[in-house]
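The structure under discussion appears below in the form of structure tokens.
What follows is the structure, encoded as structure tokens:
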């Protein structure tokens with residue numbers, strides 16, 4: 090099962106993903122490729138594969154991405170091979186991607202589970218992004234505008250999870266995965 | 090939210106319903122009306138409203154049922170008023186009805202959550218029905234035929250839950266209810 094998590098930056102997707110990965114042994118995380126610089130503490134190959142713009146463009150050219158997108162001035166992409174490998178081995182795969190990327194993935198994997206993680210409010214979002222302290226005021230402004238824009242795409246997702254308390258949000262997502270495995274369409278397909 | 094539970098007799102729907110009701114304070118059970126005789130321990134107004142065939146027909150005539158169905162030689166129906174009252178008060182309502190009834194309910198409540206509870210196998214079902222000791226061999230034969238017939242209708246349900254271990258089945262259904270409350274269509278509708 091392919092599980093796609095989207096939501097504005099600052100909604101807490103990263104923390105949620107880490108929790109899901111530590112609690113669910115049957116799930117694998119697809120590490121994205123990006124041209125943005127690592128934030129403090131981020132590790133190449135763990136949080137992202139950090140590549141140059143030129144390397145990214147080469148990967149696009151040779152069809153190495155399941156989806157890719159430009160988010161303000163940076164590029165992000167999901168390497169196709171690893172995802173297909175995990176799925177073929179029977180794992181669930183977790184993608185944390187933006188709404189542009191999600192709509193590309195939905196075309197290829199319509200049976201994927203698409204979950205949108207919301208911050209409790211845009212105000213709360215601003216506080217969180219500011220609290221992270223890794224953004225300049227200009228970057229923050231851009232992120233907030235982007236967040237507002239991303240929120241418009243909620244309706245193309247299957248589920249919305251408001252990340253008020255991380256623990257609750259994680260429990261809701263775990264329930265969604267359990268429920269999806271009982272979905273009639275999925276159960277019948279497997280027989 | 091209207092929650093419909095169906096499945097062949099002997100699949101364990103009764104036990105599951107009792108567990109759900111004791112664990113979820115926001116859910117109400119709709120007591121069905123039936124023309125069959127009470128089994129040992131069943132109480133009028135709790136397990137069913139036990140009525141005569143004539144009374145049942147009068148209720149049908151005055152449109153008192155949300156759905157009703159004939160299952161072998163007995164009639165079963167869901168009194169409409171109570172369900173609508175609970176839903177209007179913001180409760181979830183749990184209906185345990187057969188597949189004929191479920192398809193009637195689906196026409197009126199397309200946003201309902203339709204869950205099919207399966208026994209692990211038909212063989213297991215026979216053991217369970219026999220173990221209950223309340224059926225004659227003829228009744229049991231009829232019930233098993235009916236079960237086989239009911240299993241064909243699984244595909245019109247949203248979810249299938251195999252009742253292998255009651256505790257697990259109950260947890261799965263609770264996850265389904267949590268997930269459904271995060272469904273984008275439902276969340277957007279409420280706003």
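Protein chains in written order, with our numbering: chain A, 90 to 280; chain B, 90 to 280. The beta carbon of each residue, even a glycine, is placed where N, CA and C say it ideally should be. Values in this document were obtained by computation on a predicted structure and should not be read as measured data.
| query | Relative to the alpha-carbon of residue 239 of chain A, which residue among A/93, A/97 and A/92 has its alpha-carbon at the smallest distance? | reply | Indexing the first chain from 1 puts residue 239 of chain A at position 150. It is A/97 whose Cα lies nearest to the Cα of residue 239 of chain A.
| message | Using beta carbons (cut-off 9 Å, strictly below), is residue 261 of chain A in contact with chain B? | response | Within the first chain, the letter at position 172 stands for residue 261 of chain A. Yes, contact with chain B.
| Best match in A/247, A/164 and A/265 for proximity to residue 144 of chain A [C-alpha to C-alpha] | Along the first chain, read from residue 1 onward, the residue named residue 144 of chain A stands at position 55. Checked all of A/247, A/164 and A/265; the closest Cα to residue 144 of chain A is A/164.
| task | Could you name the residues of the region 116-138 of chain A whose beta carbon sits closer than 9 Å to any beta carbon of chain B, in the order they occur along the chain? | result | none
| task | Go ahead and label residue 102 of chain A buried or exposed: buried means 16 or more other beta carbons lie within 10 angstroms of its beta carbon, across all protein chains shown. | result | Taking the first residue of the first chain as 1, we reach residue 102 of chain A at position 13. Buried is the call here.
| Nearest to residue 205 of chain A by alpha carbon, out of A/100, A/157 and A/91? | Position 116 of the first chain, counted from the start, is the residue given in the question as residue 205 of chain A. Comparing Cα positions, the closest option is A/100.
| field | Cross-strand partners of residue 164 of chain B (DSSP beta bridge) | value | By one-based count along the second chain, residue 164 of chain B stands at place 75. Note: residue 164 of chain B sits in a beta bridge opposite B/159.
| task | Would you please state the rounded distance, in angstroms, between the beta carbons of residue 180 of chain B and residue 115 of chain B? I believe it to be under 8 Å. | result | Position 91 of the second chain holds residue 180 of chain B. Position 26 of the second chain holds residue 115 of chain B. Right, the Cβ-Cβ distance comes to about 6 Å (below 8 Å), so this counts as a contact.
| Of all the residues that make up the region 267-279 of chain B, which are near chain A by a beta-carbon distance shorter than 8 Å? | 267, 268, 269, 271, 272, 273, 276 and 277
| query | Going along the chain, which residues of its own chain have a beta-carbon closer than 6 Å to the beta-carbon of residue 160 of chain A, five neighbours each way excluded? | reply | By 1-based counting over the first chain, the position of residue 160 of chain A is 71. Within the same chain, residue 160 of chain A has close Cβ partners 187.
| said: Counting only C-beta atoms, is residue 249 of chain B closer than 9 Å to chain A at any point? | reply: For the purposes of this step, residue 249 of chain B is taken as the residue at position 160 of the second chain. Yes, because at least one Cβ of chain A sits closer than 9 Å to the Cβ of residue 249 of chain B.
| query | Could you give the distance in angstroms between the alpha-carbon of residue 104 of chain B and the alpha-carbon of residue 255 of chain B? | reply | Taking the second chain and counting its residues from 1, the one referred to as residue 104 of chain B is at position 15. Taking the second chain and counting its residues from 1, the one referred to as residue 255 of chain B is at position 166. Their backbone Cα atoms lie some 8 Å apart in a straight line.
| When the Cβ atoms of the region 134-150 of chain A are set against those of the region 221-230 of chain A, are three or more pairs found closer than 8 Å? | no
| residue 273 of chain B to residue 245 of chain A, Cα distance in whole Å? | Here residue 273 of chain B refers to the residue found at position 184 of the second chain. Here residue 245 of chain A refers to the residue found at position 156 of the first chain. Cα to Cα, residue 273 of chain B sits roughly 8 Å from residue 245 of chain A.
| field | residue 196 of chain B in three-state terms, based on DSSP | value | On the second chain, residue 196 of chain B is found 107 positions in, with the first residue counted as 1. If DSSP states are grouped into helix, strand and coil, residue 196 of chain B belongs with the helices.
| said: Is there a C-beta anywhere in chain A that falls below 9 Å from the one on residue 93 of chain B? | reply: Taking the second chain and counting its residues from 1, the one referred to as residue 93 of chain B is at position 4. No, because no Cβ of chain A sits closer than 9 Å to the Cβ of residue 93 of chain B.
| task | Identify the continuous alpha helix (DSSP H) that holds residue 105 of chain B and give its terminal residues. | result | Start at 1 with the first residue of the second chain, and residue 105 of chain B comes out as number 16. Taken as a continuous stretch (DSSP letters only), the alpha helix (DSSP H) holding residue 105 of chain B covers 102-112.
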